[in-house]
Structure formats: C-alpha cells, structure tokens
Amino acid sequence: MSVSFDFSDRVAIVTGASGALGSAVVDAFRDAGATVCAVDVVEPSDEDSLLDPDAGTTFYQADLTDEAAVEALVEQVVADHGHIDHLANIAGTWRGGDHVEDTELSEFDLLWNVNLKTAFLATKHALPHLQESAGSIVSVSARSSLEGGEGDGPYRITKAGIRLLTETVAEENRGTVRANCVMPSVLDTPMNREMMTPSDDWVDPADAAQVMLFLCSEAASPTSGAAVPVYGEA
C-alpha cells in the first residue's frame with residue numbers, strides 16, 4: 014500500500030539537511046510539494062539538489078548553536094517565503110565509548126550543543142510563526158534515550174532532552190502548534206556503517222523521513238507530544 018501526502022503551499026524548515034537523515038527529510042517534504050528551506054552549517058556540494066531552487070529547495074547556511082544566527086535565519090525564511098508551516102529538527106550527532114568519569118567536558122558540550130541546543134533555538138525562534146500558521150514541529154530523539162546505558166551517557170541525555178522539549182512545546186501550544194518526535198534505533202547511514210557492522214535490521218533514513226512527514230501531516234492532526242518508535246527490526 015502506498016501513501017502520499019500533499020504539502021503544497023507549505024513551507025518547511027529542515028535542519029541538519031546535509032546529513033543522511035536530513036537530506037531524506039528534505040526529499041520527503043519536497044516530493045510532497047512543500048517549499049523546503051534546507052539548513053546546515055555544512056554547505057552541500059555543487060551537484061547536491063539542496064542548492065537547486067528549481068527543485069523546490071532553498072539552502073541556508075547557518076550555525077544553529079548561535080542564537081543570533083538562528084534568529085536571522087528564521088527572519089530570512091519568512092522574508093523569502095512569507096510564512097513557516099513546519100520545522101524538522103534533524104541536526105544532531107553521536108559520540109560514545111567513555112564512561113562518565115572519563116568523558117571530556119568538550120565531548121559533553123558538543124553533544125549538548127549539536128543535539129539539543131540547535132533544536133531548542135530553532136524551536137524558540139520558529140514558534141511565533143508556527144503559532145500563526147497552526148503548524149507543526151517534528152524532532153529526532155533516540156530509542157537509547159529511554160534508559161541509561163554504558164558508554165554513551167551524554168548522547169542519551171541530550172536525546173532524552175529532545176523528548177522533554179517536545180512534550181513541553183506540545184503542552185504549551187495546545188490547539189495551535191503540534192510537536193512530536195521520532196525515536197530511531199539505528200539508522201542505515203554511511204557514518205553508522207563506518208562505526209558498526211551493518212545490519213539489514215537498521216532503519217532506512219527514507220523510511221524514517223516518511224514517519225516524520227506523516228507526523229507533520231493532517232493525518233496526524235490529533236497527535237501532539239508523542240515520541241514515536243522507529244525501530245525497524247533492530
């Protein structure tokens with residue numbers, strides 16, 4: 014069974030757009046007819062479709078850990094496109110391997126900034142516009158955020174923060190802005206393939222992107238504050 018969504022005349026901001034999941038989410042929104050504002054601190058290559066406005070995508074380079082840069086980004090998107098309907102907080106990274114007592118503060122700060130601060134700042138500055146459009150937010154938590162574990166505590170902590178941020182925004186914006194997040198297990202990305210032994214049980218980023226698209230769609234209109242498992246067979 015195939016499912017399609019119509020996001021015509023909708024404007025979506027996708028952070029972390031140069032990454033494997035981010036680019037899949039950009040493709041999903043664009044294929045559904047949305048105007049996509051793809052955001053990343055890393056500029057894509059010349060052949061990447063993120064740079065092709067004729068493909069329905071405009072790329073914005075911004076450091077999402079810098080509040081002034083995030084505020085300017087949101088203002089520019091509104092100036093360019095008139096409104097914001099959806100925010101997909103995809104920017105993130107993984108680090109692990111050390112127990113808490115052996116974890117450098119710089120590693121904790123990196124995960125805090127990239128995984129949680131970016132989502133907080135993008136959400137903070139997009140919210141006034143999403144409140145006007147009765148829009149939606151979808152963010153990326155992680156299955157591992159549901160409990161403590163050995164060796165990647167700071168990652169789990171920041172991804173648990175995404176869930177709490179999602180629940181908080183949903184509660185504060187009842188009846189206006191819907192906020193949900195997904196909890197992937199292991200995504201089948203080039204980075205994960207370098208760090209771990211690949212498995213057929215991993216989740217294809219394109220499949221995770223479809224779940225995120227659904228959560229932003231009218232089909233999920235009764236759903237806000239949810240943390241949705243995206244585990245595949247892992």
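For the sequence shown, my numbering begins at 14 and goes up steadily by one.
From the three backbone atoms N, C-alpha and C, an ideal C-beta is built for every residue, glycine too.
All values reported here derive from a predicted model rather than from experimental measurement.
Take F20, set aside five residues on each side of it, and the residues of its chain with a beta-carbon closer than 7 Å to its own are F42, A45, G46, A47, in chain order. Here P141 is exposed, its C-beta having fewer than 16 other C-beta atoms within 10 Å. Under the 8 Å Cβ criterion, the region 142-158 counts as touching the region 172-192, having at least three qualifying pairs.
DSSP, reduced to helix, strand and coil, places P141 within a helical segment of the structure shown. Under DSSP, R191 takes part in a beta bridge, and its partners are S149.
When DSSP states are grouped into helix, strand and coil, T106 belongs to the coil group. For S31, the closest of Y73, R23, V24 by C-alpha to C-alpha distance is Y73. Look at D40 here: in three-state DSSP terms it is helix. Between C50 and S149, the C-beta spacing is not below 8 Å. The shortest CA-to-CA distance from P218 to any of P235, G238, V243 is the one to V243.
In this chain, the beta strand (DSSP E) harbouring Y73 covers 70-74.
Per DSSP, the beta bridge partners of A101 are V27, V151. Under DSSP, A240 forms a beta bridge with C194. Approximately 15 Å separates the beta-carbon atoms of A25 and H138; this is outside 8 Å, ruling out the contact.
Residues of the same chain with a CB within less than 7 Å of the CB of L134, apart from the 5 flanking positions on each side, are L77, E80, V83 in chain order.
Residue pairing of V216 in beta bridges, as defined by DSSP: L200. For D93, the secondary structure class from DSSP, reduced to helix, strand or coil, is helix. Cβ contact annotation for R23 (same chain, cutoff 6 Å, sequence separation greater than five): A47, D98, in chain order. C-alpha of H112 to C-alpha of G162: approximately 10 Å in a straight line. Where V182 is concerned, the enclosing alpha helix (DSSP H) starts and stops at 166-185. At the C-beta level, A240 and S154 come within 8 Å of one another.
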